[in-house]
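Quick note: to get this note's numbering, add 1187 to the position in the sequence shown (first position is 1). Note that beta-carbon positions come from the ideal geometry of N, C-alpha and C, so glycine has one too. First comes the structure, then the notes that go with it.
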Amino acid sequence: MDKTYSFNEFMDIIRKLRSKEGCPWDREQTHESLRQCLIEEAYEVIEAINNQDSKNLCEELGDLLLQVAMHSVIAEETGEFTVEDVISEESRKMIRRHPHVFGNLTADSTKEVLKNWEDIKALEKSHVNNPEQDIKSVPKALPALIRARKVQEKAVKYGLDPGSPDKALDDITKGLDILRKAIEIGEKSRIINDFGNLLFQMIKLSVVLQINAENSLTNAINQFINRFIDVLYPQEGNGHNLCAVTAHKQEALWWEKN
């Protein structure tokens, strides 16, 4: 168990798992069936980073690498591409997009590096300078908050005026009024649509304020969890059964901990 494995040995392990003598579960997997696994493993890597847990980070990066290996072996079996193709293409891309490291171009700041990156990317991808194709290229599989921000940032890139914080707040107020009317009417499809529009306006405000909406929401969730635990378990140690507490009393307990 103390053996150190090479990358090639690791790939051979995955190929063995996918073989007739391997594991039934691994043999059944496809690009499609592994989609959720890939998403979950990526988030577990982020969790380890957020927790500054290097041991767990090492483990989770291994799980993420497993996903890359599985997809590569599946593609290898059908003749789509190999893991060597994956590595070679990414290596070429890194060399191509870092001419200040591997070429004669100079870049003395992060700003210059990012500008060079975008310029090179524009040459590589025809859609980058086409507003319609560029906005549509934002992956639909992204979490909605991230996708909304990327779409709005691209719209600003092509000339849309994001406006001021006051204008964004006014739009949110209008959106809230529209949603309130939809709730009064009780039309479910309209409520869903207006609720989505209100969320989109909130993301627009984050773009105007130049803050990360995803991080802000994560912080708010963590604060809620901590507050809820404080309300559930007061200092005297007797836990509240909130199901048996009136809404009025729950609100009083909540603000008591504010």
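Return the CA-CA distance between LYS1242 and ALA1439, expressed in angstroms with no decimal places.
Each residue's alpha carbon lies about 43 angstroms from the other.
For the alpha helix (DSSP H) holding GLU1263, just list the boundary residues, first then last.
Residues 1241 to 1265.
Under the rule that 16 or more other beta-carbon atoms within 10 Å means buried, what is LEU1332, buried or exposed?
Classification of LEU1332: buried, given that the 10 Å Cβ count is 16 or more.
Give the secondary structure of GLU1423 by DSSP, where H, G and I count as helix, E and B as strand, and everything else as coil.
With a pLDDT of 49 at GLU1423, under the threshold of 50, the modelled position of this residue cannot be trusted; read the value that follows with caution. In the structure shown, GLU1423 sits in coil (DSSP, three-state: anything other than H, G, I, E or B).
Which residue marks the beginning of the alpha helix (DSSP H) containing GLU1234, and which one marks its end?
Counting along the chain, the alpha helix (DSSP H) containing GLU1234 begins and ends at 1222 to 1237.
Just to confirm, are GLU1299 and ARG1202 a CB contact at a threshold of 9 angstroms?
Cβ distance not < 9 angstroms, so GLU1299 and ARG1202 don't count as in contact.
Can you tell which of LYS1280, THR1265 and GLU1319 has its C-alpha closest to the C-alpha of ILE1307?
Looking at the Cα atoms, LYS1280 is the closest of the given residues.
Short of 8 angstroms in beta carbon distance, which residues of its chain neighbour ILE1378, apart from the five on each side in sequence? Order them along the chain.
Only LEU1366, ALA1369 and ILE1370 meet the Cβ criterion.
Taking the straight line between their C-alpha atoms, what separation do you get for ALA1450 and ILE1233?
No answer is possible for residue 1450: the residues shown for the chain start at 1188 and end at 1445.
So for TRP1441, helix, strand or coil by DSSP?
Of the three classes helix, strand and coil, the one that applies to TRP1441 here is helix, per DSSP.
Would you be able to state if there are at least three C-beta pairs under 8 angstroms between the region 1400 to 1419 and the region 1373 to 1387?
No, the region 1373 to 1387 is not in contact with the region 1400 to 1419.
Tell me, please, whether the region 1210 to 1223 touches the region 1273 to 1293 by the rule of three or more beta-carbon pairs shorter than 8 angstroms.
No contact exists between the region 1210 to 1223 and the region 1273 to 1293.
Of the choices LEU1251, ASN1237, LEU1363 and PHE1382, whose alpha-carbon is the least far from that of ASN1409?
Comparing Cα-Cα distances from ASN1409 to each of LEU1251, ASN1237, LEU1363 and PHE1382, the minimum goes to ASN1237.
Give the secondary structure of GLN1388 by DSSP, where H, G and I count as helix, E and B as strand, and everything else as coil.
Helix at GLN1388.
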